[in-house]
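Counting in UniProt numbering, the sequence shown runs from 1 upward without gaps. Scroll down for the structure; my scribbles are underneath it.
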Amino acid sequence: MRKPDGKIVLLGDMNVGKTSLLQRYMERRFPDTVSTVGGAFYLKQWRSFNISIWDTAGREQFHGLGSMYCRGAAAVILTYDVNHLQSLVELEDRFLGLTDTASKDCLFAIVGNKVDLTEEGAAESGEKEGHDPSKAGGGCASPRVPKQVQLEDAMALYKKILKYKMLDEKDVPAAEQMCFETSAKTGYNVDLLFETLFDMVVPMILQQRAEGPPQTVDITSSKPTKRTRSGCCA
Ligand SMILES: Nc1nc2c(ncn2[C@@H]2O[C@H](COP(=O)(O)OP(=O)(O)OP(=O)(O)O)[C@@H](O)[C@H]2O)c(=O)[nH]1
Ligand SMILES: [Mg+2]
Numbered sequence: 001m002r003k004p005d006g007k008i009v010l011l012g013d014m015n016v017g018k019t020s021l022l023q024r025y026m027e028r029r030f031p032d033t034v035s036t037v038g039g040a041f042y043l044k045q046w047r048s049f050n051i052s053i054w055d056t057a058g059r060e061q062f063h064g065l066g067s068m069y070c071r072g073a074a075a076v077i078l079t080y081d082v083n084h085l086q087s088l089v090e091l092e093d094r095f096l097g098l099t100d101t102a103s104k105d106c107l108f109a110i111v112g113n114k115v116d117l118t119e120e121g122a123a124e125s126g127e128k129e130g131h132d133p134s135k136a137g138g139g140c141a142s143p144r145v146p147k148q149v150q151l152e153d154a155m156a157l158y159k160k161i162l163k164y165k166m167l168d169e170k171d172v173p174a175a176e177q178m179c180f181e182t183s184a185k186t187g188y189n190v191d192l193l194f195e196t197l198f199d200m201v202v203p204m205i206l207q208q209r210a211e212g213p214p215q216t217v218d219i220t221s222s223k224p225t226k227r228t229r230s231g232c233c234a
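Written out as structure tokens, the structure is:
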């Protein structure tokens, strides 16, 4: 298998829908999920590039693995649930620090999922009352609630992230481009999310190729110094 050219990582609290988003995009369906253990990845061919997309576990007990999965990432998708304010707060408190191991040019997308459950989002996300044909056995409509987290809250977090990373707003994509509201259930904005990121990651891959491999010291090529009998006491 060819080594992936770039890496995208999904981070966020348990139950926000990371696995569902990835399955909706890669498998075009919304299956029942179980809470992720550790992490798993999909490979996506985008033009001539191989991009790995990593799904991580939001459960506290797997938290330590997050920074390992983020190592060298070209983009991180910070995911929250639009009906659960705490899941946005957690992104800043618990998940942002894990991205310190990502690439220095790492892009950040902030994604509010489950918009189909909100009064505002149900119509635009294409959610119909009462029946979900994509789910085994149909499924029942959940009661609609007013959205707890507004897109502006996500954009405010995006700006905080830029500050945390000491990035200048004019050197990175605007908050409007990087904050999404999605529904893994209906598919609303899911393709847009992933494909926007792929298109942004490709120039980064090309730039890395142009710069060449990272400079490392090849310890196997340095000859060992000849040992003499006199050794260190000479
Ligand atoms: N209505 C609705 N439910 C969703 C959506 N996305 C996910 N879910 C449901 O939310 C629950 C959790 O989804 P997962 O994708 O497993 O969440 P996760 O973020 O991967 O959770 P961990 O693996 O524990 O970190 C499941 O019951 C999903 O069916 C969505 O867009 N709309
Ligand atoms: Mg999961």
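Ideal placement from N, C-alpha and C gives every residue a C-beta, glycine not left out.
The region 27 to 43 and the region 143 to 163 do not touch, with fewer than 3 CB-CB distances between them shorter than 8 Å. Cα atoms of PRO213 and ASP5: separation of roughly 12 Å, rounded to the nearest angstrom.
Taken from the Cβ of GLY6, every heavy atom of ligand 1 lies 7 Å or farther away. Annotation: the continuous alpha helix (DSSP H) that includes ASP199 extends over 190 to 211.
Our two residues, GLU60 and LEU96, have alpha carbons roughly 14 Å apart in a direct line.
With 7 Å as the limit, the residues whose C-beta approaches any heavy atom of ligand 2 more closely are LYS18, THR19, THR33, SER35, THR36, ASP55, ALA57, GLY58, in sequence along the chain. The beta carbon of LYS185 sits closer than 6 Å to the beta carbons of PHE30, ASP116 from its chain, once the five residues preceding and following it are set aside; these are given in chain order. Closest in alpha carbon position to ASP55, among LEU78, ARG47, SER48, is LEU78. The secondary-structure analysis by DSSP pairs VAL111 across a beta bridge with THR79, PHE180. In the structure shown, LEU167 falls within a coil segment according to DSSP collapsed to helix, strand and coil. Annotated as proximal: GLY58 and GLY12, with beta-carbon spacing under 8 Å. In this structure, ASN83 is the residue among ASN83, GLU211, VAL76 with its C-alpha nearest to the C-alpha of PRO143. Residue pairing for LEU11: DSSP places it in a beta bridge opposite LEU78. Residue state for VAL89 is assigned as helix, using DSSP reduced to three classes.
In the same chain as PHE180, and ignoring 5 residues on each side of it, the C-beta atoms closer than 6 Å to its own belong to VAL111, ASN189, LEU193, in chain order. In this structure, ALA109 sits away from ALA73, with a CB-CB distance that is not shorter than 8 Å. Within the same chain, Cβ atoms closer than 7 Å to the Cβ of LYS114 are found at GLY17, ASP81, VAL82, ASN83, SER183, the five residues on either side in sequence being excluded.
For the options ARG47, THR196, TRP46, ASP100, the alpha carbon positioned closest to that of GLY64 is the one of ASP100. Secondary structure note for ALA122: its alpha helix (DSSP H) is the uninterrupted segment 119 to 124.
LEU107 and PRO203 do not touch by the CB rule: their CB atoms are close to 11 Å apart, not below 8 Å. Remark: C-beta atoms of PHE49 and ILE161 do not approach each other more closely than 8 Å. In its chain, beyond the 5 residues on either side, VAL82, ASN83, ARG144, VAL145, PRO146, LYS147 have a beta carbon closer than 8 Å to the beta carbon of THR118. In the DSSP assignment, GLY187 falls outside any alpha helix (DSSP H), carrying neither H nor E. At a cut-off of 7 Å, the beta-carbon of LEU117 counts as near ligand 1: some heavy atom of the ligand is closer than that.
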